[in-house]
Amino acid sequence: MTQTDVQPPFRADHAPHPDYNAMPDAEFRAVVRHFIETHYPDIPRHLLRRLRWQEVCPWYAVLARTGWLAPTWPQALGGMGLNAGKHLILIEEYERFGCARMHDIGTVMLGPLLIQFGTQAQQDHYLTRILSGEDIWAQGYSEPGAGSDLAALRTEALRDGDHWVLNGQKTWITLGADANMIFVLARTDKSVRKQAGISFLLVPMEAPGVTVREIENLEGHAEFCEVFFDNVRIPIGNIVGEVNGGWAMAKALLGHERVFIGAPRLSASALARLEEIARREGVWSDPVFRDRFTQLEMDLADLSDLFETYVERLRTGAPIGADVGLLKICQSELYQRISEEMLQVAGSLGGAQLTDATARLDTAGTWLAARPTTIFGGSTEVMRNVVARASLDLPK
Amino acid sequence: MQSEPDDWVENVRMLEASLGAVVPEDGSLLRVREQRGNGAGFDPTTWRIIAEMGWLALRTKEDDGGLGLGLREATALCAGLGRGLVPEPVISAILALRLVSAAGAGAPEAALTGETIMLAAWQGGASDCDPTAGVTVSDGRLNGRKIAVEGGLGADIFVVTLAEGIAVVPKDAPGLTVTGQQMHDGTFLAQLDFADVLAEVLPCAGMTTFVREAMLMHAAYLMALSERAFEITLDYLRMRKQFDVPIGQFQALQHRATEIKLQLELARAAIGAAGRMLDRSEDPHLAQMAILRARSRAGGLARLTAREAIQMHGAIGYTDEADIGLFARKAMVSAGLYGVDTDLRRQFSAMRDEREKAQ
Ligand SMILES: Cc1cc2nc3c(=O)[nH]c(=O)nc-3n(C[C@H](O)[C@H](O)[C@H](O)COP(=O)(O)OP(=O)(O)OC[C@H]3O[C@@H](n4cnc5c(N)ncnc54)[C@H](O)[C@@H]3O)c2cc1C
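Chains A and B, in that order, give the protein sequences.
Here the first sequence stands for residues 1 to 396, where the numbers follow the numbering used here.
Here the second sequence stands for residues 1 to 359, where the numbers follow the numbering used here.
Structure, rendered in structure tokens:
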């Protein structure tokens, strides 16, 4: 069987998971390494771009069959039951090996939301279909007029008997063209405060009235897209939580996410590549370069320490704190500074466009890939506003 | 202050008025967009127009059929090209003609008319901008490598800089291999590998200065593309509303926009000063230092503007369809051409020390 004709549904067929959380970290790390080395399929590694579904499908299949697809879900629901610390080790090892990121909106975002707020029936139906690869999810929050100001969203769902009728437009939907399901924040009450009239809906992309237009990004890949809803009828039950309760739920989801989005792994891997490029270019021993490199290295080490303090809060269940946005600011800006240094070190050829096979050391590609990290998931400016407002106690 | 003949002011006005032949006045970047990754990364037909306008011969002596204009004119022209993100390797061709003409080889008629494309291959290493490096001569044979030849895939003839002077080498000379590297802005840089390439070496007084002049022209290109990207970004800050107000109202963005403005004016001032010093033949040593300074400032400006332009546009700045991305990618690629930051500073400090010693 060639790898490209592997298609969902995938069925898990593995021995029960051990209690990974009880393992010493080093042992767990070794387990993860062994897992990757034995199972990673013959698909590209160390890419800056996201792989499309057909390309990444073999990896999804492996993860689904071995029960490694949803690391943080409880084992009873088909996950690995990892705590934050162990999850982090898993992510680090994937990153080190250069594993392609698979389509993970279902496992990372929707799954945890359903586990917390969904009905039994929703969990039974959707979690199973995520694990089997039958449902690939996209996140439909942003709109042309609602980016940083997400609560200004205008996509509207009106009740019509047993259905919601959805109209509007979502945009910047990552890998939306690969998804067959999308969760959407839609306005269900215009008469109340902006945040109070929003619901969380589950929408099949195949439903009549849904159109998708791919958008090419700055790296030349059609990774995100626009999704239009024109009188799309969806069953009344395709709502998570209360009607008009979508905003609070979407925010609640951000807890764990907010810490992990600040994980130092992107910077760490970029710094390692910077070292490689510097050695290639013969400046590794140049004291001027080393001074700048050392600064970045120290910044990374400090970021890692800061990150650890938040992970510790997650581990112990302590409140994460409103200043968690600092992590994301720090990580994304460091990643960008490292990419800038890469470009400098590569000199006149820094802007070269490399192929998939050599993408790892694509300096300009890294520079480009680092750009959106200060835009999505709360822009750097908005994060700074949030931290200032929530934790500096300044006059309003 | 000394009064100066202000012919250049009129020349600049005329050049600027003629830019429309290549740079659409409505700011359309359709041609630039479609040219990306196409052929040699630039358009032979546009090349002919550029040649007909006399731009390639801007810095070539009048005796050799050129216009013999100054650097203030040349930087004004390159600024116009930068605003329009013109991908044709004009600066490389201006440099090539200037080198050939200075070496007493005249200026080939076909290169002036654009029939043949003659470009300069001057750079030896990715981070080392010494025009004497990369290729050596012995027994009339060239060996070694030149890199980062802009538009080099489309060239018919290369003017190669050497420690001993220059050599004029046709692209199909036996022993010469030309390899293209596609860049993120859709242009190609060529790498030239020489293996016992037979060539006549011509002494060329002032070679290093001419290369530095090209750096100054390129600084103007970078400055102007940054300026245009900045204008587009300011328009966006005025128009884009979030939280019920134009995002340009947010002080966090205003302060950063002001920083770009500051860097832009520093670059403009430095470029202007360097051009003036060179055109008036004032203190040549200081003038060279001024070029290095101006080029360094313009590179930093271009990178800063690229970063901020994307950030201030939000997600739309990260799309291929928004024009701002064309500027960002061009800035990212060209900020490393005709001078690399660390090398520019190294050259500047070396010249500063020389100067101190001489005084
Ligand atoms: C690669 C990528 C993938 C994405 N994937 C998805 C996805 O899958 N699903 C989805 O729903 N969305 C997605 N997004 C959208 C993302 O969430 C938005 O880009 C983000 O919310 C910012 O909105 P915006 O792009 O409209 O920028 P805007 O909000 O218009 O911001 C423009 C600029 O103004 C600044 N600004 C805004 N408000 C303030 C303020 N109050 N003070 C100071 N500065 C301010 C911003 O920081 C930014 O610099 C993605 C975006 C990118 C770039």
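Glycine residues also receive a C-beta, built at the ideal position from the N, C-alpha and C atoms.
Going by the beta-carbon positions, is the gap between residue i and residue j smaller than 8 Å?
i         : j         : result
ALA263(A) : ILE115(A) : no
LEU166(A) : VAL243(A) : no
TYR382(B) : MET215(B) : Residue 382(B) falls outside the range modelled here, since chain B spans only 1 to 359, and no answer is possible.
ARG169(B) : LEU176(B) : Reading off the sequence shown, one finds Val at residue 169(B), where the question assumed Arg. Cβ distance < 8 Å, so VAL169(B) and LEU176(B) count as in contact.
LEU292(B) : LEU344(B) : yes
SER226(B) : GLU150(B) : no
LEU314(A) : VAL259(A) : yes
ALA352(A) : LEU300(A) : no
GLY106(A) : TRP73(A)  : no
VAL23(B)  : GLY84(B)  : yes
GLY152(B) : VAL178(B) : yes
ALA102(B) : PHE210(B) : yes
GLY98(A)  : ARG45(A)  : yes
GLY65(B)  : ARG59(B)  : no
ARG141(B) : LEU198(B) : yes
GLN191(B) : GLY37(B)  : no
GLN288(B) : ARG212(B) : yes
List the endpoints of the continuous beta strand (DSSP E) containing residue i.
i         : result
ASP230(A) : 224-235
LYS170(A) : 163-174
THR136(B) : 135-138
GLU214(A) : 210-215
ASP196(B) : 188-198
ASP186(A) : In the sequence on display, residue 186(A) carries Ala and not Asp. 181-187 is the span of the beta strand (DSSP E), which, as asked, contains ALA186(A).
PHE200(A) : 198-204
GLN139(A) : 137-140
ASP151(A) : Reading off the sequence shown, one finds Ala at residue 151(A), where the question assumed Asp. ALA151(A) -> no beta strand (DSSP E), and no H or E assigned at all.
MET118(B) : 118-121
Between the options, which has its C-alpha nearest residue i's C-alpha?
i         : options                                    : result
GLY111(A) : ARG96(A), GLY81(A), LYS86(A)               : GLY81(A)
GLU115(B) : LEU56(B), ASP139(B), GLN181(B), LEU142(B)  : LEU56(B)
HIS255(B) : ARG268(B), THR60(B), GLN242(B), MET312(B)  : MET312(B)
GLU88(B)  : GLN35(B), LEU99(B), LEU112(B), ASP156(B)   : GLN35(B)
MET118(B) : GLY125(B), GLY104(B), VAL100(B), PRO131(B) : VAL100(B)
LEU19(B)  : LEU153(B), ILE166(B), LEU77(B), GLN242(B)  : LEU77(B)
ARG49(A)  : GLU134(A), PRO372(A), ASP393(A)            : PRO372(A)
GLN54(A)  : LEU63(A), ILE43(A), ALA64(A), LEU47(A)     : ILE43(A)
GLY145(A) : LEU234(B), GLY37(B), ARG240(B), HIS184(B)  : ARG240(B)
GLU164(B) : PRO203(B), GLN181(B), VAL178(B), ALA190(B) : PRO203(B)
LEU15(B)  : GLY134(B), GLU52(B), ASP43(B), SER349(B)   : GLU52(B)
THR342(B) : TYR40(A), SER348(A), ASN238(A), MET205(A)  : SER348(A)
ARG151(A) : LEU127(A), ALA196(A), ASP160(A)            : Correcting the residue type first, residue 151(A) is Ala in the shown sequence and not Arg. Selected option, being the one with the closest Cα: ALA196(A).
GLY300(B) : ASN38(B), GLN263(B), GLY39(B)              : GLN263(B)
PRO460(A) : ASP230(A), PHE200(A), LYS190(A), VAL192(A) : Since the displayed chain A opens at 1 and closes at 396, residue 460(A) lies outside it and no answer follows.
ARG280(A) : LEU201(A), ILE236(A), VAL345(A), ALA177(A) : VAL345(A)
LEU71(B)  : ALA219(B), ALA190(B), TRP122(B)            : ALA219(B)
LEU274(A) : GLY78(A), MET342(A), GLN120(A)             : MET342(A)
SER127(B) : ASP162(A), ASN217(A), ASP286(A), ALA12(A)  : ASP286(A)
ILE130(A) : ALA84(A), ALA278(A), ALA179(A)             : ALA179(A)
What span of residues does the alpha helix (DSSP H) with residue i cover, start to end?
i         : result
TRP55(B)  : Premise fails: TRP55(B) is in no alpha helix (DSSP H) and is neither H nor E.
VAL31(A)  : 25-39
ASP7(B)   : 7-18
PHE376(A) : First-last for PHE376(A): undefined, no H or E at that position.
GLU275(A) : 265-280
ARG292(A) : 287-316
MET351(B) : 341-358
LEU394(A) : That residue, LEU394(A), is in no alpha helix (DSSP H); it is neither H nor E in DSSP.
GLU92(A)  : 84-97
GLU333(A) : 325-345
Find the residues of chain E that neighbour residue i, judging by a C-beta separation of less than 9 Å, and give them in chain order.
i         : result
GLU321(B) : Protein chains A and B are contained in the structure displayed, whereas chain E is not.
Using a beta-carbon distance cut-off of less than 8 Å, what residues from the stretch 345-375 of chain A approach chain B?
Considering only beta carbons, the part of the stretch 345-375 of chain A lying closer than 8 Å to chain B consists of VAL345, ALA346, GLY347, SER348, LEU349, GLY350, GLY351, ALA352, GLN353, ALA364, GLY365, TRP367, LEU368, ARG371, PRO372, THR374, ILE375, in chain order.
Note down, one range per segment and in chain order, each alpha helix (DSSP H) of at least 4 residues found wholly within the stretch 252-339 of chain B.
284-313, 323-334
Taking only runs of the beta strand (DSSP E) that begin and end inside the stretch 146-175 of chain B, which ones reach a length of at least 3 residues, in chain order?
157-162, 165-170
Residues of the stretch 166-196 of chain A whose Cβ lies closer than 9 Å to any Cβ of chain B, in chain order
THR171, TRP172
Could I get the ranges of all uninterrupted alpha helix (DSSP H) runs contained in the stretch 202-245 of chain B, with 4 residues as the minimum, in chain order?
207-239
Report the residues of the stretch 165-193 of chain B with a CB closer than 8 Å to any CB of chain A, ordered along the chain.
Only GLN181, GLN182, MET183, HIS184, ASP185, LEU189 from the stretch 165-193 of chain B bring a Cβ to less than 8 Å from some Cβ of chain A.
Give me the subset of the stretch 214-234 of chain A whose CB atoms are less than 7 Å from a CB atom of chain B, sorted by chain position.
ILE215, GLU216, ASN217, LEU218, GLY220
Residues from the stretch 122-145 of chain B in contact with chain A, defined by Cβ distance under 7 Å
GLN123, ALA126, SER127
Please identify, using Cβ separations under 8 Å, the residues of the stretch 208-227 of chain B that lie next to chain A, in order along the chain.
none
Can you give me, in chain order, the residues of the stretch 343-358 of chain B that have a beta carbon less than 7 Å from any beta carbon in chain A?
none
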